[in-house]
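Trainee: Let me give you the structure first, and then I'll get to my questions.
Residue numbers (this note's numbering), protein chains in the order written: chain A, 1 to 198; chain B, 1001 to 1212.
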């Protein structure tokens, strides 16, 4: 290698090292590395707090699976309520809201299986507050709302309250219609985003 | 050679042997070759008395210091090395104003150098002060790229523009699902969401450390 070549390589490397420390600020000061949590134009970066929440929710749902397998829906509901009842964010990111919504849907499903219809209704309402956008999450909540009303109707009918049962059946049909409408809009939006027919 | 010199200080010169070592190191950083697996194993053996042993308190504390240095950009021998290797392996493009400024300084330095007597086969080591070296290399960086890795042909994006585009932002998880939700499958949905965002967070960390 000639001295000239060595000097060229050294020059390249020196500049890269200098630029690694200082990047390209005109004043020559180092540009600080962006922190993960700093807000950027266009949104908030995925942050450790979100991952911690998701990890907790994941554990809760798997624990609920085990309780369900052991025919203990009360314990399943109790562990899921720890996710939705204990505040994790002052302003939850959208992923957290969607997980809250899905968790509320599961709680409503479990509560209604045990014929606890009022807490099931409350969970559905709370979930719909979290999932206001036209998404599968919102459509799923209406589907569960339909199931809740269907079970309520069966329970009322079993107890001889035919009129109230019919009202619940009507509500179930309305909820299923809303669910189907939302799912259709989700699919339509997805096709439009993909460049397909709107 | 890593000591910074104040502006205007006389540049330090390297002995021929040191110059050769530096050139080799820079070449390896610029265009690394695959490590022989046996050498790799030997290096691990040398570095770790017991590769499967849990970390000591000192190792944990040191890793925290390294992580903090990588996140904040503060000085740390390991972080400095990581940043230097990152810059060598995947140099970021310069913005147009900076490249022009460096080119002007390089031109001025060359004119000054032409008026001075021949110094011989030496390498100038002055990271903070040797504007000529940095400027020359900066100009070279605009047109040279290592094989298989890419600077854009028109590498004019600024760092402030480039970095945010690599950051994964919080967003709806709807795109993770292509069909309506099945009742009784909530856990698998949460699994998918958690795994996707774990990948995003990992990517953000690497980006913030400048190692991707």
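All C-beta atoms in this analysis are idealised placements derived from N, C-alpha and C, irrespective of residue type, glycine included.
Taking residue 124 of chain A as the reference, which of A:141, A:112 and A:113 has the closest Cα?
Mentor: The residue given as residue 124 of chain A occupies position 124 in the first chain. Comparing Cα positions, the closest option is A:141.
Trainee: Given 8 Å as the limit, is there contact between the segment 130-137 of chain A and the segment 109-118 of chain A, that is, 3 or more CB pairs closer than that?
Mentor: no
Trainee: Does the separation of the CB atoms of residue 102 of chain A and residue 1181 of chain B fall below 9 Å?
Mentor: To locate residue 102 of chain A, count along the first chain from 1; it is residue 102. To locate residue 1181 of chain B, count along the second chain from 1; it is residue 181. A contact, by the Cβ cut-off of 9 Å.
Trainee: Scan the segment 1193-1205 of chain B for residues whose Cβ lies nearer than 7 Å to a Cβ of chain A and list them as they occur along the chain.
Mentor: 1193, 1194, 1197, 1198, 1200, 1201, 1204 and 1205
Trainee: Starting from the beta carbon of residue 1190 of chain B, find every residue of chain A whose beta carbon is closer than 9 Å, and list them in chain order.
Mentor: Your numbering for residue 1190 of chain B matches position 190 in the second chain. The answer, in chain order, is 54, 57, 58, 60, 61, 62, 99, 102 and 103.
Trainee: Taking its Cβ as the centre, do 16 or more other Cβ atoms sit within 10 Å of residue 1029 of chain B, making it buried, or is it exposed?
Mentor: For the purposes of this step, residue 1029 of chain B is taken as the residue at position 29 of the second chain. When all chains shown are included, residue 1029 of chain B counts as buried.
Trainee: Just checking: is the beta-carbon of residue 73 of chain A within a distance shorter than 9 Å of some beta-carbon in chain B?
Mentor: For this step, residue 73 of chain A is matched to residue 73 along the first chain. No - not a single Cβ of chain B is within 9 Å of the one on residue 73 of chain A.
Trainee: Could you check where the alpha helix (DSSP H) with residue 99 of chain A kicks off and where it finishes?
Mentor: Taking the first residue of the first chain as position 1, residue 99 of chain A is located at position 99. Per DSSP, residue 99 of chain A belongs to the alpha helix (DSSP H) from 94-113.
Trainee: Classify residue 1184 of chain B as buried or exposed, calling it buried when 16 or more other Cβ atoms lie within 10 Å of its own Cβ.
Mentor: Within the second chain, residue 1184 of chain B is the residue found at index 184, counting from 1. Residue 1184 of chain B should be labelled exposed.
Trainee: From what residue to what residue does the alpha helix (DSSP H) around residue 79 of chain A run?
Mentor: By one-based count along the first chain, residue 79 of chain A stands at place 79. Here the alpha helix (DSSP H) through residue 79 of chain A covers 73-85.
Trainee: What separation, rounded to the nearest whole angstrom, lies between the Cα atoms of residue 1209 of chain B and residue 1071 of chain B?
Mentor: Walking along the second chain from the start, residue 1209 of chain B turns up at place 209. Walking along the second chain from the start, residue 1071 of chain B turns up at place 71. Approximately 6 Å between the Cα atoms of the pair.
Trainee: With the cut-off set at 9 Å, would you say residue 88 of chain A and residue 76 of chain A are in Cβ contact?
Mentor: By one-based count along the first chain, residue 88 of chain A stands at place 88. By one-based count along the first chain, residue 76 of chain A stands at place 76. If you check the CB distance, residue 88 of chain A and residue 76 of chain A do not come in under 9 Å.
Trainee: State the start and end residues of the unbroken alpha helix (DSSP H) segment that holds residue 122 of chain A.
Mentor: If you number the first chain from 1, residue 122 of chain A lands on position 122. Counted as a single uninterrupted DSSP element, the alpha helix (DSSP H) harbouring residue 122 of chain A occupies residues 117-130.
Trainee: With distance defined between alpha-carbon atoms, name the residue in A:131, A:56, A:164 and A:44 nearest to residue 1187 of chain B.
Mentor: Translated into positions along the second chain, residue 1187 of chain B becomes position 187. When only C-alpha atoms are compared, the closest one is A:56.
Trainee: Are at least three pairs of beta-carbons, each pair with one atom in the segment 182-192 of chain A and one in the segment 160-168 of chain A, less than 8 Å apart?
Mentor: no
Trainee: How many angstroms separate the CA atom of residue 1068 of chain B from the CA atom of residue 1074 of chain B?
Mentor: In the second chain, counting from the first residue as 1, residue 1068 of chain B sits at position 68. In the second chain, counting from the first residue as 1, residue 1074 of chain B sits at position 74. Using only the alpha carbons, I get a separation of about 8 Å.
Trainee: Along the chain, where does the alpha helix (DSSP H) that runs through residue 140 of chain A open and close?
Mentor: As a first step, residue 140 of chain A must be located in the first chain, where it is residue number 140. Start and end: 136-158.
Trainee: Do you know how far the Cα of residue 148 of chain A is from the Cα of residue 100 of chain A?
Mentor: Here residue 100 of chain A corresponds to residue number 100 of the first chain, with the count starting at 1. Here residue 148 of chain A corresponds to residue number 148 of the first chain, with the count starting at 1. Approximately 18 Å, taken between the alpha carbons.
Trainee: Rounded to a whole number of angstroms, what is the C-alpha to C-alpha distance between residue 1042 of chain B and residue 1034 of chain B?
Mentor: On the second chain, residue 1042 of chain B is found 42 positions in, with the first residue counted as 1. On the second chain, residue 1034 of chain B is found 34 positions in, with the first residue counted as 1. Distance between the alpha carbons of residue 1042 of chain B and residue 1034 of chain B is about 15 Å.
Trainee: Measuring alpha carbon to alpha carbon, tell me which of A:91, A:79 and A:71 ends up nearest residue 49 of chain A.
Mentor: Sequence index remark: in the first chain, residue 49 of chain A carries index 49 (1-based). Out of A:91, A:79 and A:71, A:91 has the C-alpha closest to the C-alpha of residue 49 of chain A.
Trainee: Assuming residue 1078 of chain B is part of the alpha helix (DSSP H), what are its boundary residues?
Mentor: Stepping through the second chain from its first residue, residue 1078 of chain B is reached at position 78. Counting along the chain, the alpha helix (DSSP H) containing residue 1078 of chain B begins and ends at 1077-1089.
Trainee: Beta-carbon of residue 124 of chain A versus every beta-carbon of chain B: anything under 9 Å?
Mentor: By one-based count along the first chain, residue 124 of chain A stands at place 124. Chain B, which has no Cβ nearer than 9 Å to the Cβ of residue 124 of chain A, makes this no.
Trainee: Mind checking the segment 1171-1186 of chain B against chain A and listing, in chain order, the residues whose C-beta falls within less than 7 Å of any C-beta there?
Mentor: 1171, 1172, 1173, 1174, 1177, 1180, 1181, 1183 and 1186
Trainee: Considering Cα atoms alone, identify which of A:146, A:107 and A:178 is closest to residue 61 of chain A.
Mentor: Locating residue 61 of chain A in the first chain gives position 61, where the first residue counts as 1. Comparing Cα positions, the closest option is A:107.
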